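Data first, discussion second: the structure below is written as structure tokens.
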Amino acid sequence: MPHDHPDHAGISASGHPFRPDNDTPLTYWQRMEVAVRELLIEKGVTTPAEIAAQIDAMDARTPANGARVVARAWTDPAFKARLLADGSAACREMDFDIGALNLVAVENTDDVHNLIVCTLCSCYPRNLLGLPPDWYKTREYRSRAVREPRAVLREFGVELPAQTRVRVHDSTADMRYIVIPARPPGTEGMDSTSLAALVTRDSMIGTGLPRCP
Amino acid sequence: MAERVRVKTWMPPGHVRAPAYLRGKTGVIERALGAFGNPEQLAYGLPAEKQPLYRVRFSMAEVWGAGAEVSDDTLDAEIYGHWLERV
Amino acid sequence: MTDTDGRRWHDMGGQTAGPVPLDEHDHALWEKRVDALMVLCSGKGLFTVDGLRRALEDMGEDAFERHSYYERWIAAVNQNLVEAGVYTLAELGARMHEVAARGETYAQVNDG
Numbered sequence: 001m002p003h004d005h006p007d008h009a010g011i012s013a014s015g016h017p018f019r020p021d022n023d024t025p026l027t028y029w030q031r032m033e034v035a036v037r038e039l040l041i042e043k044g045v046t047t048p049a050e051i052a053a054q055i056d057a058m059d060a061r062t063p064a065n066g067a068r069v070v071a072r073a074w075t076d077p078a079f080k081a082r083l084l085a086d087g088s089a090a091c092r093e094m095d096f097d098i099g100a101l102n103l104v105a106v107e108n109t110d111d112v113h114n115l116i117v118c119t120l121c122s123c124y125p126r127n128l129l130g131l132p133p134d135w136y137k138t139r140e141y142r143s144r145a146v147r148e149p150r151a152v153l154r155e156f157g158v159e160l161p162a163q164t165r166v167r168v169h170d171s172t173a174d175m176r177y178i179v180i181p182a183r184p185p186g187t188e189g190m191d192s193t194s195l196a197a198l199v200t201r202d203s204m205i206g207t208g209l210p211r212c213p
Numbered sequence: 214m215a216e217r218v219r220v221k222t223w224m225p226p227g228h229v230r231a232p233a234y235l236r237g238k239t240g241v242i243e244r245a246l247g248a249f250g251n252p253e254q255l256a257y258g259l260p261a262e263k264q265p266l267y268r269v270r271f272s273m274a275e276v277w278g279a280g281a282e283v284s285d286d287t288l289d290a291e292i293y294g295h296w297l298e299r300v
Numbered sequence: 301m302t303d304t305d306g307r308r309w310h311d312m313g314g315q316t317a318g319p320v321p322l323d324e325h326d327h328a329l330w331e332k333r334v335d336a337l338m339v340l341c342s343g344k345g346l347f348t349v350d351g352l353r354r355a356l357e358d359m360g361e362d363a364f365e366r367h368s369y370y371e372r373w374i375a376a377v378n379q380n381l382v383e384a385g386v387y388t389l390a391e392l393g394a395r396m397h398e399v400a401a402r403g404e405t406y407a408q409v410n411d412g
């Protein structure tokens, strides 16, 4: 909802500057994007159709993809075992176009809660879940998730029992991570489509829990 | 028994994927991930040697000492072999 | 004179910071295009993801604080394309100048 803010030139209530949008004055960086894109097309590196197709492919990657993977893992123990053994192969088995993604799936249980971060940049399983949320890329999340994960989780409304072990995963290199959240109670007998609707983006990063039915 | 490794304490400038907060810290290899191009060469457009990559698990107590929220919570990170030494 | 421990600005794990800002924004078309250009150019072997990150890191902390994510990305994509010899700075400068002359908003300077 980029137009909901009261003052285009100002700072939001949370102290963060608004992002330039299509109808605001053209910025230096937008001019650079147009120029780079046109030069790449003129030199035969890419085409407008290829760029449009790439945007469509990224737009088609959403947390709903991951939710389907999680729901299948909840209902199909053999699939869950394959997902934990080789996350990328399991996603390809479900016909998701994940490109070169090397995916590691980590499982939340009664005793373990997993949390994903990238302290060095903002690595994210984008070829499955789409682009990361803004907060995932912030200094605050990147700095604190490895040192005080429980305090960070409380800011997301997740309070963990003291006996639950937190496992933080810093995506420092070639792997990307997805959390298989614990299946909520009261979901016995639900089919995988209904279950997938309970799986939120944040529950697959570890900053949230699935919805309860 | 899991193999114990320590992250080297080197501090060269440039594109390095071993986070500073883990340098000098000791953990155990959670799994070997195979060999990947060395980002310290890839970042500069150079031909990259393959380096073995490991997921290393550290305890929060090892990483943060007395400042850890819960000492038995863990931190996993991927570290290239040339940044690790056996303990 | 100041010394340093060698830690670089982007290496943020464990640093002190405030509450995580939870506001989110939808990606604008120009941001999606930057993302697409990065994926396509790296896929064609013109540079690597590590080359992109290296340029982002070398831009420094000031750029991180002042500019948005995709503003920094287009700068880093451009840096790598110039280094790869895909186009020259003169070509880029002339084209950016020409783009500015087309109009005052992103919509106006794009064809169609």
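Residue numbers (the working numbering), protein chains in the order written: chain A, 1 to 213; chain B, 214 to 300; chain C, 301 to 412. For every residue, glycine included, the Cβ atom is placed at its ideal position computed from N, Cα and C. Given the structure is predicted, the values throughout are model-derived calculations rather than measurements.
- The beta carbon of Arg236/B sits closer than 6 Å to those of Val220, Thr222, all from its chain and outside the five residues before and after it, given in chain order.
- In this structure Asp170/A touches Val146/A by the C-beta definition: roughly 6 Å separates them, less than 8 Å.
- Inclusion of Pro252/B and Asp350/C in the CB contact set at 8 Å is warranted, their separation being smaller than that value.
- Between Asn108/A and Asp326/C, the alpha-carbon positions lie close to 29 Å from each other.
- Taking a Cβ-Cβ threshold of 7 Å, the residues of chain A close to Met312/C are Thr119, Arg139, Arg142, Ser143, in chain order.
- With respect to chain A, the C-beta atom of Gly318/C has a partner C-beta closer than 8 Å.
- For Tyr406/C, the enclosing alpha helix (DSSP H) has its first and last residue at 406-409.
- Listed in chain order, the alpha helix (DSSP H) elements of length 4 or more contained wholly in the region 120-150 of chain A are 126-129, 139-144.
- Taking 8 Å as the Cβ-Cβ cut-off, the region 333-356 of chain C approaches chain A at Arg333, Val334, Asp335, Ala336, Leu337, Val339, Leu340, Cys341, Lys344, Leu346, Arg353, Leu356, given in chain order.
- The C-beta of Tyr28/A has fewer than 16 other C-beta atoms within 10 Å across all chains shown, which makes the residue exposed.
- By the criterion of a C-beta distance shorter than 8 Å, Met273/B is surrounded in its chain by Ala281, Glu282, Val283, Ser284, Asp285, Asp286, Thr287, Leu288, once the five residues flanking it on both sides are discounted.
- Taking C-beta atoms as the reference points, Val166/A and Pro149/A count as a pair closer than 8 Å.
- Around Leu322/C, the beta-carbon contacts reaching into chain A at under 9 Å are Ser14, Pro133, Asp134, Trp135, Glu155, Phe156.
- For Ser192/A, the enclosing alpha helix (DSSP H) begins and ends at 192-196.
- Buried is the label assigned to Ala231/B, since at least 16 other Cβ atoms lie within 10 Å of its Cβ.
- Membership of Ser272/B in the beta strand (DSSP E) is indicated by the continuous run 263-272.
- The residues Arg268, Val269, Arg270, Asp289, in chain order, have a CB closer than 7 Å to that of Glu243/B in the same chain once the five nearest residues on each side in sequence are set aside.
- By the 16-neighbour rule on beta-carbons within 10 angstroms, Ser122/A is buried.
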